[in-house]
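J.:
Residue numbers (my numbering): 202 to 352.
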(Lines of atoms letter the chains of each structure in order from A and count residues from 1; the text may use other names and numbers.)
(Lines give C-alpha, C1' and ligand atoms only; values in the text may rest on other atoms or scores of the structure.)
Protein backbone atom coordinates (compact mmCIF):
# COMPACT_ATOMS: atom_id res chain seq x y z
CA UNK A 1 0.00 0.00 0.00
CA UNK A 2 2.85 2.38 0.79
CA UNK A 3 4.29 1.76 -2.69
CA UNK A 4 1.11 3.22 -4.23
CA UNK A 5 1.51 6.27 -2.00
CA UNK A 6 5.12 6.87 -3.10
CA UNK A 7 4.37 6.21 -6.78
CA UNK A 8 1.43 8.62 -6.53
CA UNK A 9 3.71 11.21 -4.96
CA UNK A 10 6.18 10.84 -7.85
CA UNK A 11 3.38 11.24 -10.42
CA UNK A 12 1.97 14.29 -8.61
CA UNK A 13 5.47 15.78 -8.49
CA UNK A 14 5.87 15.23 -12.25
CA UNK A 15 2.56 17.01 -12.98
CA UNK A 16 3.25 19.68 -10.36
CA UNK A 17 6.60 20.46 -11.96
CA UNK A 18 4.75 21.73 -15.04
CA UNK A 19 3.07 24.36 -12.88
CA UNK A 20 6.32 25.20 -11.06
CA UNK A 21 7.98 25.53 -14.47
CA UNK A 22 5.15 27.73 -15.78
CA UNK A 23 5.51 30.11 -12.83
CA UNK A 24 9.31 30.14 -13.11
CA UNK A 25 9.07 30.73 -16.86
CA UNK A 26 6.68 33.65 -16.52
CA UNK A 27 8.04 35.42 -13.45
CA UNK A 28 11.72 34.46 -13.28
CA UNK A 29 12.87 33.56 -16.80
CA UNK A 30 10.94 36.43 -18.39
CA UNK A 31 11.63 38.62 -15.39
CA UNK A 32 14.68 38.95 -13.18
CA UNK A 33 16.74 36.29 -15.00
CA UNK A 34 15.83 37.22 -18.58
CA UNK A 35 19.53 37.70 -19.36
CA UNK A 36 19.96 33.93 -18.91
CA UNK A 37 16.77 32.93 -20.74
CA UNK A 38 16.99 35.33 -23.69
CA UNK A 39 19.29 33.12 -25.79
CA UNK A 40 16.48 30.56 -25.79
CA UNK A 41 14.36 33.07 -27.75
CA UNK A 42 16.82 33.49 -30.61
CA UNK A 43 15.67 32.34 -34.04
CA UNK A 44 18.12 29.41 -34.06
CA UNK A 45 18.86 27.50 -30.89
CA UNK A 46 22.41 26.37 -30.13
CA UNK A 47 23.38 22.95 -28.80
CA UNK A 48 24.30 24.65 -25.51
CA UNK A 49 22.60 27.79 -24.20
CA UNK A 50 22.78 29.91 -21.06
CA UNK A 51 19.14 28.92 -20.61
CA UNK A 52 20.27 25.33 -19.90
CA UNK A 53 21.42 26.58 -16.48
CA UNK A 54 17.79 26.45 -15.30
CA UNK A 55 17.74 22.71 -15.94
CA UNK A 56 20.99 22.30 -14.01
CA UNK A 57 19.46 24.07 -11.00
CA UNK A 58 16.46 21.72 -10.97
CA UNK A 59 18.72 18.71 -11.57
CA UNK A 60 20.85 19.74 -8.59
CA UNK A 61 17.77 19.86 -6.35
CA UNK A 62 16.74 16.44 -7.64
CA UNK A 63 20.20 14.95 -7.00
CA UNK A 64 20.11 16.30 -3.44
CA UNK A 65 16.69 14.70 -2.93
CA UNK A 66 18.03 11.40 -4.32
CA UNK A 67 20.79 11.49 -1.71
CA UNK A 68 18.18 12.04 1.00
CA UNK A 69 16.21 9.17 -0.52
CA UNK A 70 19.04 6.67 -0.37
CA UNK A 71 19.46 7.63 3.29
CA UNK A 72 15.90 6.47 3.97
CA UNK A 73 13.55 9.33 3.07
CA UNK A 74 11.12 7.73 0.65
CA UNK A 75 9.23 11.00 0.35
CA UNK A 76 12.39 12.74 -0.88
CA UNK A 77 13.08 9.81 -3.21
CA UNK A 78 9.55 10.00 -4.64
CA UNK A 79 9.89 13.74 -5.27
CA UNK A 80 13.35 13.22 -6.82
CA UNK A 81 11.94 10.59 -9.19
CA UNK A 82 9.07 12.90 -10.20
CA UNK A 83 11.39 15.88 -10.73
CA UNK A 84 13.94 13.82 -12.67
CA UNK A 85 11.23 12.29 -14.84
CA UNK A 86 9.93 15.77 -15.64
CA UNK A 87 13.46 16.92 -16.47
CA UNK A 88 14.05 13.98 -18.81
CA UNK A 89 10.68 14.55 -20.52
CA UNK A 90 11.50 18.27 -20.82
CA UNK A 91 14.86 17.47 -22.41
CA UNK A 92 13.37 15.15 -25.02
CA UNK A 93 10.08 16.90 -25.73
CA UNK A 94 10.89 20.58 -25.26
CA UNK A 95 14.47 20.65 -26.46
CA UNK A 96 14.53 17.91 -29.12
CA UNK A 97 10.96 17.99 -30.45
CA UNK A 98 9.75 21.57 -29.93
CA UNK A 99 13.06 23.39 -30.43
CA UNK A 100 14.76 20.88 -32.74
CA UNK A 101 17.94 20.73 -30.63
CA UNK A 102 20.31 17.77 -30.32
CA UNK A 103 18.44 14.90 -32.09
CA UNK A 104 16.36 17.34 -34.21
CA UNK A 105 12.94 15.70 -33.86
CA UNK A 106 10.69 18.66 -34.73
CA UNK A 107 9.64 17.34 -38.16
CA UNK A 108 8.74 14.01 -36.51
CA UNK A 109 6.78 15.87 -33.79
CA UNK A 110 4.78 17.86 -36.35
CA UNK A 111 3.41 14.55 -37.69
CA UNK A 112 2.04 13.46 -34.30
CA UNK A 113 -0.94 15.33 -32.85
CA UNK A 114 0.02 15.77 -29.17
CA UNK A 115 3.52 16.94 -30.09
CA UNK A 116 2.22 19.11 -32.93
CA UNK A 117 -0.10 20.90 -30.49
CA UNK A 118 2.80 21.51 -28.09
CA UNK A 119 4.99 22.82 -30.92
CA UNK A 120 2.31 25.21 -32.20
CA UNK A 121 1.41 26.50 -28.73
CA UNK A 122 5.06 27.06 -27.87
CA UNK A 123 5.68 28.75 -31.22
CA UNK A 124 3.04 31.33 -30.25
CA UNK A 125 5.01 32.01 -27.05
CA UNK A 126 8.19 32.58 -29.03
CA UNK A 127 6.44 34.74 -31.62
CA UNK A 128 4.62 36.94 -29.09
CA UNK A 129 7.18 36.72 -26.28
CA UNK A 130 4.48 36.21 -23.67
CA UNK A 131 1.71 33.79 -22.71
CA UNK A 132 1.80 30.02 -23.18
CA UNK A 133 4.26 29.57 -20.33
CA UNK A 134 4.12 25.76 -20.20
CA UNK A 135 6.60 23.22 -21.48
CA UNK A 136 5.03 19.75 -21.63
CA UNK A 137 1.26 20.20 -21.38
CA UNK A 138 -1.22 22.19 -23.44
CA UNK A 139 -3.94 23.43 -21.11
CA UNK A 140 -6.96 24.76 -22.98
CA UNK A 141 -8.26 27.90 -21.31
CA UNK A 142 -4.80 28.67 -19.95
CA UNK A 143 -2.81 28.43 -23.18
CA UNK A 144 -3.58 30.16 -26.45
CA UNK A 145 -4.13 27.24 -28.81
CA UNK A 146 -4.02 27.94 -32.55
CA UNK A 147 -6.98 26.84 -34.62
CA UNK A 148 -5.77 24.83 -37.58
CA UNK A 149 -7.65 25.01 -40.87
CA UNK A 150 -7.01 21.35 -41.73
CA UNK A 151 -9.00 20.11 -38.70
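The C-beta atom is built at its ideal place from N, Cα and C for all residues, glycine as well. Fair warning: this is a prediction, and the values are worked out from it, not measured in the lab.
Would you say the segment 265-281 touches the segment 238-251, given that touching needs at least three Cβ pairs under 8 Å?
T.: Output reads no: the segment 238-251 does not touch the segment 265-281.
J.: Is the beta carbon of residue 263 closer than 7 Å to that of residue 285?
T.: The residue given as residue 285 occupies position 84 in the chain shown. The residue given as residue 263 occupies position 62 in the chain shown. Yes, these two residues count as a Cβ contact at 7 Å.
J.: Assuming residue 252 and residue 238 are in contact, meaning their beta carbons sit under 8 Å apart, how far apart are those beta carbons, in whole angstroms?
T.: Counting from 1 along the chain shown, the entry for residue 252 is found at position 51. Counting from 1 along the chain shown, the entry for residue 238 is found at position 37. At roughly 5 Å, the Cβ-Cβ gap stays under 8 Å, so residue 252 and residue 238 are in contact.
J.: In terms of DSSP beta bridges, what is residue 341 paired with?
T.: As a first step, residue 341 must be located in the chain shown, where it is residue number 140. Residue 341 is bridged to 344.
J.: Going by the CB atoms, is the gap between residue 211 and residue 256 shorter than 7 Å?
T.: Numbered from 1 along the chain shown, position 55 holds the residue referred to as residue 256. Numbered from 1 along the chain shown, position 10 holds the residue referred to as residue 211. For residue 256 and residue 211, no; Cβs fall outside 7 Å.
J.: For residue 248, count neighbouring C-beta atoms within 10 Å of its own C-beta (all shown protein chains included) and say buried if the count is 16 or more, exposed if not.
T.: Indexing the chain shown from 1 puts residue 248 at position 47. Its Cβ having fewer than 16 others within 10 Å, residue 248 is exposed.
J.: On the three-pair Cβ rule with 8 Å, is the segment 329-336 touching the segment 212-227?
T.: Verdict: yes, contact present.
J.: Does the Cβ-Cβ distance between residue 338 and residue 291 come in under 7 Å?
T.: By 1-based counting over the chain shown, the position of residue 338 is 137. By 1-based counting over the chain shown, the position of residue 291 is 90. No, they are not a contact pair.
J.: Assuming residue 246 and residue 305 are in contact, meaning their beta carbons sit under 8 Å apart, how far apart are those beta carbons, in whole angstroms?
T.: Position 45 of the chain shown holds residue 246. Position 104 of the chain shown holds residue 305. Not quite, the Cβ-Cβ distance comes to about 10 Å (not below 8 Å), so this is no contact.
J.: Over what stretch of residues does the alpha helix (DSSP H) that includes residue 307 continue unbroken?
T.: In the chain shown, the residue the question calls residue 307 occupies position 106. Counting along the chain, the alpha helix (DSSP H) containing residue 307 begins and ends at 307-310.
J.: Would a C-beta distance cut-off of 7 Å place residue 347 and residue 321 closer than the cut-off?
T.: Start at 1 with the first residue of the chain shown, and residue 347 comes out as number 146. Start at 1 with the first residue of the chain shown, and residue 321 comes out as number 120. Their beta carbons are under 7 Å apart, which means residue 347 touches residue 321 by this criterion.
J.: Helix, strand or coil for residue 223 per DSSP?
T.: As a working mapping, residue 223 is identified with position 22 in the chain shown. Residue state, collapsed to three classes: helix.
J.: Measure the alpha-carbon distance for residue 259 versus residue 309 and round it to whole angstroms.
T.: Along the chain shown, read from residue 1 onward, the residue named residue 259 stands at position 58. Along the chain shown, read from residue 1 onward, the residue named residue 309 stands at position 108. Straight-line Cα distance between these residues: approximately 28 Å.
J.: Excluding the 5 residues flanking residue 323 on each side, which residues of the same chain have their C-beta closer than 7 Å to its C-beta?
T.: Residue mapping note: residue 323 aligns to position 122 of the chain shown, counting from 1. Closer than 7 Å at the Cβ level, and outside the excluded window around residue 323, lie 299, 333.
J.: May I have the straight-line CA-CA distance separating residue 203 from residue 315, to the nearest angstrom?
T.: In the chain shown, residue 203 corresponds to position 2, counting from 1. In the chain shown, residue 315 corresponds to position 114, counting from 1. Going from the Cα of residue 203 to the Cα of residue 315 covers about 33 Å.
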